[in-house]
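Residue numbers for the sequence shown follow our numbering, so the first one is 55 and each next one is one higher.
Below is one structure, written out as structure tokens; the observations come after it.
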Amino acid sequence: MKKKEYQEETIKKVSVLVPERGSHPEILRSAIQIAGILKVPLRLLIPAKFICDRPSKCGFYTEFLEEQSRQTGVFWERVIFEDPLSDFLKKMLPDQDFLVILKEDELMRTVLSHTLCPILLIPKSFEHGFRQVLLAYAGGRFSEKALHLVALLAKFGKCTVEVLTVGNSSPGLRMAHERARYLMDRWKVNAKFKILKDEVKPCILENCENQEVSLLVLGASETKEWRDHHFRSLSQAIAEEAHCPVMIVK
55 MKKKEYQEET
65 IKKVSVLVPE
75 RGSHPEILRS
85 AIQIAGILKV
95 PLRLLIPAKF
105 ICDRPSKCGF
115 YTEFLEEQSR
125 QTGVFWERVI
135 FEDPLSDFLK
145 KMLPDQDFLV
155 ILKEDELMRT
165 VLSHTLCPIL
175 LIPKSFEHGF
185 RQVLLAYAGG
195 RFSEKALHLV
205 ALLAKFGKCT
215 VEVLTVGNSS
225 PGLRMAHERA
235 RYLMDRWKVN
245 AKFKILKDEV
255 KPCILENCEN
265 QEVSLLVLGA
275 SETKEWRDHH
285 FRSLSQAIAE
295 EAHCPVMIVK
């Protein structure tokens, strides 16, 4: 599997929204790890008001990223925006952007409502790397973009990967399971595969807890003309209860 093959089809830049309350350098560390795996630049998104209100905290995050950049070789830049967050998020491109945010209820709802690109939600208590990754397909949904990202994490981030397909028994459930297995085999990515006929939300959360998952990935294939509102509601509900970071790929 060639890394170039993935980058042409997936992400061009990773963006991380500066945490406006508290001190959370761990979110920057996670963002720079993702940018390093994808071999793309990192953008630190800073509301203009944050610079005025908390200049010392802005300086702290800048110095932290400078040091991380020296250690990892990941290029980064500051992007200051004055628009309301909801308006700024709408400018992000589904096929090129990847957004990392701190998992906070109000912020999470805003981002999930206004963003089409992949989103990574980092809990405040998370301080570890992405070692054990679980990709969950719910009710026969399938997302090749999500599978691409997980394949990159497995191949270049040295993560252990399991693909879980869960839902009521249906042809779509089996097709999603077999499609994921076929593509991972074709890309020469080692992964475990499991298909369960069970209730989606509790099954996914239980697997996260039992396997000590360090990253949960949820994927569905939306288009500009079609939005999977059930998936959005489900992914938000799962993200609210999961203790690990959650990546949502619409």
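Backbone N, C-alpha and C fix where the C-beta goes; we use that ideal spot for every residue, glycine too.
How should residue i be labelled, buried or exposed, when 16 other C-beta atoms within 10 angstroms of its C-beta is the threshold for buried?
{"i": "GLN122", "result": "buried"}
{"i": "GLN125", "result": "exposed"}
{"i": "ASP151", "result": "buried"}
{"i": "LEU147", "result": "exposed"}
{"i": "LYS234", "result": "The sequence given here places Ala at residue 234; Lys does not occur at that position. When all chains shown are included, ALA234 counts as buried."}
{"i": "SER179", "result": "exposed"}
{"i": "SER224", "result": "exposed"}
Please look up how many angstroms separate the CB atoms of residue i and residue j, rounded, as I've assumed it's under 8 Å.
{"i": "ILE176", "j": "LEU166", "result": "With 8 Å as the limit, ILE176 and LEU166 do not qualify as a contact, their Cβ atoms being about 15 Å apart."}
{"i": "GLY194", "j": "ALA245", "result": "Contact doesn't hold; Cβ gap of about 19 Å is too wide."}
{"i": "ILE100", "j": "VAL72", "result": "5 Å"}
{"i": "LYS304", "j": "ALA274", "result": "6 Å"}
Roughly how many angstroms lie between the CA atoms of residue i and residue j, to the nearest whole one?
{"i": "LEU288", "j": "LYS255", "result": "7 Å"}
{"i": "CYS213", "j": "LYS67", "result": "21 Å"}
{"i": "ARG228", "j": "LEU170", "result": "27 Å"}
{"i": "GLU74", "j": "GLN186", "result": "29 Å"}
{"i": "VAL204", "j": "LYS157", "result": "20 Å"}
{"i": "ILE249", "j": "VAL133", "result": "42 Å"}
{"i": "ILE88", "j": "VAL94", "result": "9 Å"}
{"i": "VAL271", "j": "GLU117", "result": "30 Å"}
{"i": "ARG97", "j": "ASP137", "result": "17 Å"}
{"i": "ALA102", "j": "PHE135", "result": "6 Å"}
Just to confirm, are residue i and residue j a CB contact at a threshold of 8 Å?
{"i": "LEU41", "j": "PHE184", "result": "Since the first residue of the chain shown is 55 and the last is 304, residue 41 is not available in this structure."}
{"i": "ALA200", "j": "VAL220", "result": "no"}
{"i": "GLU294", "j": "LEU259", "result": "no"}
{"i": "VAL154", "j": "VAL70", "result": "yes"}
{"i": "ASN261", "j": "LEU188", "result": "yes"}
Q.
My parser needs the alpha helix (DSSP H) runs of 4 or more residues fully inside the segment 62-99; what are they?
A. 79-92
Q. In the segment 227-297, which residue ranges form an unbroken alpha helix (DSSP H) of at least 4 residues, counting only runs that do not cross its ends?
A. 254-264 and 283-295
(Q) Threshold first: 4 residues or longer. Then list the alpha helix (DSSP H) segments lying entirely within the segment 165-240, N to C. (A) 198-210 and 225-240
Q) Enumerated in chain order, which unbroken segments of the alpha helix (DSSP H) with a length of 4 residues or greater are wholly contained in the segment 90-146? A) 102-107, 109-126 and 139-143
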